[in-house]
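A.B. asks: Handing you this structure, nothing more for now.
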Amino acid sequence: MSKTEPPQQDDRATVATVCLGGCSGCHMEFLNIDHDLVDLLEDVKIEASHMIVDEKGVPEADIGIAEGVVTNEENVEVAEELRENCDTVVAWGDCAALRGIMSLRNDDDPDEMIDEVYLDKADEHSESPRDDVPVPALLEDARPLDEYIDVDVYIPGCPPDAEVMAHGIEALLEGERPEIVDEKLQYD
Amino acid sequence: MSKKQVIDPVTRVEGHGKITIELDDDGEVEDTQFHVTEFRGFEEFVEGRPVWEMPEITARICGICPVSHQLAAAKAVDEIAGVEIPEGAKKLRELLHMGQVLQSHALSFFYLSSPDLVLGYDADPEKRNIEGVLEENPQLAERGIDLRKFGQDVIAALGDKKVHPDFAIGGGVTNTLDPEDGERLREQSEELDTYVRETIDLLQEIFAEMDDDTLDYATYETGYMGLVNDEGGLEHYDGDIRLVDEDGDLLEEIDDSAYADIIGERSKEWSYLKFPYYKERGFEDGQYRVGPLGRLNAVDQLSTPQAQAEFERYMDAADGAVHERSTYYHWARLIEILYCIERIRELLENDAVYEGVPNVPTKPENNNGVGVIEAPRGTLIHEYDVDDDGKVTNADFIVATTHNNGAMNKGVRTAAETFVDGPEIPEGTLNKMESVIRCYDPCLSCSTHAIGDMPLEVTIERDGEVLDEVSR
């Protein structure tokens, strides 16, 4: 690993990542690039990424990356902001790209599901959170990202391997479309 | 008349949450709420599926600690199958779990919390992250990367993948450890003890320089829960549930399958995260904490020598029999990292982890199974009812972060009362409110099994009117 000057923030490409209805596993796998993170930060400024930086919104960025399926109203808003603010949008992992495991809920009625979990599986003084303002309402179904916004690049996998993610970002930084084929392509 | 301020979303945590602070006419804190804003529905959509699938499906509840869910589900399936798994399989499961507790704790301390501790709560939010720590104290950040990597390498050596490995199944495990991998991991672990001991020393220096308000801003009395082994020692894979009171005196020590006898749950309309409580004391008084602080307050000892020495230093610093400062979660977490490294080495030296594929065939013998494990953030409970064909008819999970919900809300309230004075709240103060939550290392993806991503928001409101929303 090369020891270099402090990064020139203005020159770096910018990346924003968001987690919709996901398990953070894609974000975790991304951190599995381990010490390569140090090198990556020389070329890339991470503008937003809930697990590692404090930015609260979806800022403007060259590359916008979404983990997770679209499952509630807030996810839709975040996905739309990502599309509006980022030049290239990546659907990252099986949930964003293909809808993933959470779509197992699509046969169930969302209101019934919430009432069963919060009223039937809690004590008799419990309240159902489905009508309250601070918590976003569930959509009827959990659906993949491209049913709400245009997606430029798909990287499936549960999660995609860290090296594949790093490869995808590097290709995009060079203005190329990443080729996710052969052993890089993974559905699980 | 009151005002509200919202921190939305809470960042450098795992999952989605926000904080509302309600002020009265005089600008004093009237109420606070920590809302978890996502719901995923695993408890519901697994119904009707074969219980054998649960270890693999429920691992997807959380990408931070998929192994804990996989193991809790696998233990429940063992019970449903009525089997005692081979000793080698138990050791391999524990080894997998130690890798995961280590990597998750390293993520929490070095990536998520060290920016507050090293750079300060008032540091520029742009810098207050792992990149800022790499600039300020590169050795610390890189050691954090090494520790997390080591934990993930242990997981990958067994389950092939680092996130969502397929390893534990009902009746045992799918693989054994290659002796060459065992030797490689043992060598990798050599420097790590020193890293951790030096980081514990650094944390003492940081605590010593903190003003009292900052060190004490989330200090309060609760009960504490953790699994214990036959000697009352720290246990993460399999043991009895122990609950102690605010003085460290024993309230309960029960078989894990009896958890529902002592724990009740309540839900509130303003959060997707439920509130568990100790039934005997009721909803308001029955709060307890889990995770590193809860465990070290509940246990009598740690079985590995270096971790035990650090545990003794830690307990010597307690005024009473327990630590009540939420900030000491960080200290307890580092001691557990040391324990994991030592325990991994012990397990790597045990021949049982290299023996043949240790699983036993399973078919449903019982209609109910409970699996309990100490996940990184605390006690994790999976319970399944199945029909005679082994299809799930009911599933109940109490996830570690859920146990801490009452305490996190109390922590936010305490911090707000300490630091908030009127509707103008400086950025650093808002960050302190978030960092209370960060002490607990909550995993909100997990906790509502439920939807994950946890940036935190704060709203300030008066009489329902939103005066300020903080979404940095």
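Just so you know, the protein sequences line up as chains A and B, in that order.
Here my numbering is used: the first residue of the first sequence is 1479, the next is one more, and so on.
Here my numbering is used: the first residue of the second sequence is 17, the next is one more, and so on.
Glycine included, each C-beta is placed from N, C-alpha and C at the ideal position.
Please read these numbers as outputs of a predicted model, since none were measured by experiment.
Could you check where the alpha helix (DSSP H) with V149(B) kicks off and where it finishes?
C.D. replies: First-last of the alpha helix (DSSP H) with V149(B): 146-152.
A.B. asks: Under the rule that 16 or more other beta-carbon atoms within 10 Å means buried, what is N1668(A), buried or exposed?
C.D. replies: Since the first and last residues shown for chain A are 1479 and 1666, residue 1668(A) lies out of range.
A.B. asks: To the nearest angstrom, how far is the alpha carbon of L1498(A) from that of L1560(A)?
C.D. replies: Rounded to the nearest angstrom, the two C-alpha atoms are 11 Å apart.
A.B. asks: Taking only runs of the alpha helix (DSSP H) that begin and end inside the region 181-251 of chain B, which ones reach a length of at least 4 residues, in chain order?
C.D. replies: Fully enclosed alpha helix (DSSP H) runs of 4 or longer: 195-205, 208-225, 228-232.
A.B. asks: Could you please give me the residues that DSSP links to V1493(A) through a beta bridge?
C.D. replies: DSSP, once it has assigned bridges, lists I1524(A), I1541(A) as partnering V1493(A).
A.B. asks: Helix or strand or just coil, what does DSSP make of I161(B)?
C.D. replies: Of the three classes helix, strand and coil, the one that applies to I161(B) here is helix, per DSSP.
A.B. asks: At a CB-CB cut-off below 8 Å, which residues of chain B make contact with G1542(A)?
C.D. replies: Within 8 Å Cβ-Cβ: nothing; G1542(A) doesn't reach chain B, min ~15 Å.
A.B. asks: Which residues in chain B sit within 7 Å of A1600(A), going by Cβ to Cβ distance?
C.D. replies: Ordered by position in chain B, the residues that pass the 7 Å Cβ test against A1600(A) are E281, R282, S283, K290.
A.B. asks: Can you tell which of E358(B), V415(B), P439(B) has its C-alpha closest to the C-alpha of C81(B)?
C.D. replies: Checked all of E358(B), V415(B), P439(B); the closest Cα to C81(B) is V415(B).
A.B. asks: Roughly how many angstroms lie between the CA atoms of E1657(A) and G57(B), to the nearest whole one?
C.D. replies: Computed Cα separation, rounded: 34 Å.
A.B. asks: Which residues of chain A have a Cβ atom closer than 8 Å to the Cβ of G394(B), listed in chain order?
C.D. replies: Per Cβ cutoff of 8 Å: no residues; G394(B) is ~18 Å from chain A at best.
A.B. asks: Using a beta-carbon distance below 8 Å, is G1503(A) in contact with chain B?
C.D. replies: At least one chain B Cβ lies under 8 Å of G1503(A).
A.B. asks: Going by C-alpha distance, which of Y211(B), S84(B), V428(B) is nearest L354(B)?
C.D. replies: Here the closest residue by C-alpha is Y211(B).
A.B. asks: With a cut-off of 8 Å, does the C-beta of H1645(A) fall near any C-beta of chain B?
C.D. replies: So, not an interface residue.
A.B. asks: Does Y127(B) get closer than 8 Å to chain A when you measure Cβ to Cβ?
C.D. replies: Closer than 8 Å to some Cβ of chain A, the Cβ of Y127(B) qualifies, so yes.
A.B. asks: With 8 Å as the threshold, decide whether the Cβ of C1564(A) is near any Cβ in chain B.
C.D. replies: No, C1564(A) lies away from the interface with chain B (no Cβ there is under 8 Å from its Cβ).
A.B. asks: Within 8 Å of any Cβ in chain A, is that where the Cβ of R200(B) sits?
C.D. replies: No - not a single Cβ of chain A is within 8 Å of the one on R200(B).
A.B. asks: Could you give the distance in angstroms between the alpha-carbon of L156(B) and the alpha-carbon of I216(B)?
C.D. replies: When rounded, the distance between both Cα atoms is 11 Å.
A.B. asks: If you run the structure through DSSP and keep just helix, strand and coil, what is Q21(B)?
C.D. replies: Strand, per DSSP.
A.B. asks: Which residues bound the beta strand (DSSP E) around K34(B)?
C.D. replies: Segment 33-40, the beta strand (DSSP E) holding K34(B).
A.B. asks: Using a Cβ distance threshold of 8 Å, determine whether the region 89-103 of chain B contacts the region 373-391 of chain B, with at least three qualifying pairs required.
C.D. replies: At 8 Å Cβ cutoff, the stretches touch.
A.B. asks: Find out if the Cβ-Cβ distance for the pair H398(B), A184(B) is shorter than 8 Å.
C.D. replies: No, these two residues do not count as a Cβ contact at 8 Å.
A.B. asks: Thinking just about the alpha-carbon of each residue, which of G298(B), G33(B), R202(B), G406(B) is nearest to the one in G186(B)?
C.D. replies: Checking every option, the nearest Cα to that of G186(B) belongs to G406(B).
A.B. asks: With a cut-off of 8 Å, does the C-beta of H113(B) fall near any C-beta of chain E?
C.D. replies: The displayed structure is made up of protein chains A and B, and chain E is not among them.
A.B. asks: How should P442(B) be labelled, buried or exposed, when 16 other C-beta atoms within 10 angstroms of its C-beta is the threshold for buried?
C.D. replies: Exposed.
A.B. asks: Assign H1603(A) to one of two classes, buried (16 or more other C-beta atoms within 10 Å of its C-beta) or exposed (fewer than that).
C.D. replies: Counting Cβ neighbours within 10 Å, H1603(A) comes out exposed, since fewer than 16 surround it.
A.B. asks: Could you please tell me which residues of the region 1569-1596 of chain A, in chain order, have their CB closer than 7 Å to any CB of chain B?
C.D. replies: The region 1569-1596 of chain A vs chain B, Cβ under 7 Å: I1579, M1580, L1582, R1583, D1586, M1591, I1592, E1594, V1595, Y1596.
A.B. asks: For the region 1567-1578 of chain A and the region 1537-1553 of chain A, state whether three or more C-beta atom pairs, one from each stretch, are separated by less than 8 Å.
C.D. replies: Short answer: they touch.
A.B. asks: Sorted by chain position, which residues of the same chain lie with C-beta nearer than 7 Å to A391(B)'s C-beta, five sequence neighbours on each side aside?
C.D. replies: Excluding positions up to five away in sequence, the list reads C81, S84, A416.
A.B. asks: When Cβ atoms are compared, which residues of the region 56-75 of chain B fall closer than 7 Å to chain A?
C.D. replies: Answer in chain order: R56, G57, E59, E60, F61, I73.
A.B. asks: Taking only runs that begin and end inside the region 320-359 of chain B, name each unbroken alpha helix (DSSP H) of 4 or more residues, in chain order.
C.D. replies: With a minimum length of 4 residues, the continuous alpha helix (DSSP H) runs that stay inside the region 320-359 of chain B are 321-332.
A.B. asks: Select from V1516(A), M1506(A), E1661(A) the residue whose C-alpha is nearest the C-alpha of S1527(A).
C.D. replies: S1527(A) has its Cα closest to that of M1506(A), out of V1516(A), M1506(A), E1661(A).
A.B. asks: Mark D169(B) as exposed unless 16 or more other C-beta atoms lie within 10 angstroms of its C-beta, in which case mark it buried.
C.D. replies: Under this definition D169(B) is a buried residue.
A.B. asks: Counting only beta-carbon atoms, is E1520(A) nearer than 8 Å to chain B?
C.D. replies: No, E1520(A) lies away from the interface with chain B (no Cβ there is under 8 Å from its Cβ).
A.B. asks: Is V1496(A) closer than 8 Å to V1556(A) when the C-beta atoms are compared?
C.D. replies: Yes, the pair counts as a contact, with Cβ atoms nearer than the cut-off.
A.B. asks: Under the assumption that D1512(A) contacts I161(B) (Cβ atoms under 8 Å), give the Cβ distance between them as a whole number of angstroms.
C.D. replies: That belief holds up - the Cβ atoms of D1512(A) and I161(B) are roughly 5 Å apart, short of 8 Å.
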